[in-house]
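Chemist:
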Amino acid sequence: MENVLDWLKIAKYAAALFAVQFIIGLFVGLFAPVGGESGVAPLFLGTAASFAFCVAIFTHLAVYQQVNASGHAWAALLVQIAAASALAQILTGWLGKASPVLLALEWLVLVCALIAGTALGSTLRYKGSQAADG
Numbered sequence: 002m003e004n005v006l007d008w009l010k011i012a013k014y015a016a017a018l019f020a021v022q023f024i025i026g027l028f029v030g031l032f033a034p035v036g037g038e039s040g041v042a043p044l045f046l047g048t049a050a051s052f053a054f055c056v057a058i059f060t061h062l063a064v065y066q067q068v069n070a071s072g073h074a075w076a077a078l079l080v081q082i083a084a085a086s087a088l089a090q091i092l093t094g095w096l097g098k099a100s101p102v103l104l105a106l107e108w109l110v111l112v113c114a115l116i117a118g119t120a121l122g123s124t125l126r127y128k129g130s131q132a133a134d135g
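The opening residue of the sequence shown carries number 2 in my numbering; numbering runs sequentially from there.
What follows is the structure, given as structure tokens:
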């Protein structure tokens with residue numbers, strides 16, 4: 002069995018990750034308090050939403066990717082990070098520079114979502130194949 006990455010599939014999942022992250026970031030930014038108020042609640046909700054949606058995306062990838070699901074998941078994450086970093090560089094003049102702590106938190110959430118989603122998807126695929134074999 003050949004261990005080749007399907008770059009079209011990787012691009013689709015990277016685009017899904019990017020879209021979800023962008024929409025969540027947009028909502029967090031819109032509902033973030035202005036002034037001296039604490040922004041912990043929107044940050045927490047955005048982080049939780051990001052984790053949940055990204056786990057779902059990685060789970061879907063792992064269920065339907067029969068060969069090297071984790072390799073595809075890591076490649077999709079890296080493509081998404083590259084696209085997000087490029088967009089962040091373009092928008093830095095308009096939005097300002099993002100906090101390194103918040104970037105680290107977001108990347109930690111993405112890696113945890115990748116691990117959880119890939120594990121869940123692989124387990125579901127295995128259980129499904131066992132049920133089909135009867």
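Virtual Cβ for every residue (Gly too), placed ideally from N, Cα, C.
Can you give me the Cβ contacts of I82 inside the same chain, cut-off strictly under 8 Å, excluding the 5 residues immediately before and after it?
Modeler: Cβ within range, chain order: W108 and L111.
Chemist: Can you tell me the Cα-Cα spacing of P34 and G40, whole angstroms?
Modeler: Near 6 Å, if we compare the C-alpha coordinates of G40 and P34.
Chemist: Taking only the alpha-carbon atoms, compute the straight-line gap between H73 and K128 and give it to the nearest angstrom.
Modeler: Near 20 Å, if we compare the C-alpha coordinates of K128 and H73.
Chemist: Around the C-beta of Q131, are 16 or more other C-beta atoms found within 10 angstroms, so that it is buried, or is it exposed?
Modeler: Result: exposed.
Chemist: Taking Cβ to Cβ, would you say A70 is nearer than 8 Å to G122?
Modeler: Yes.
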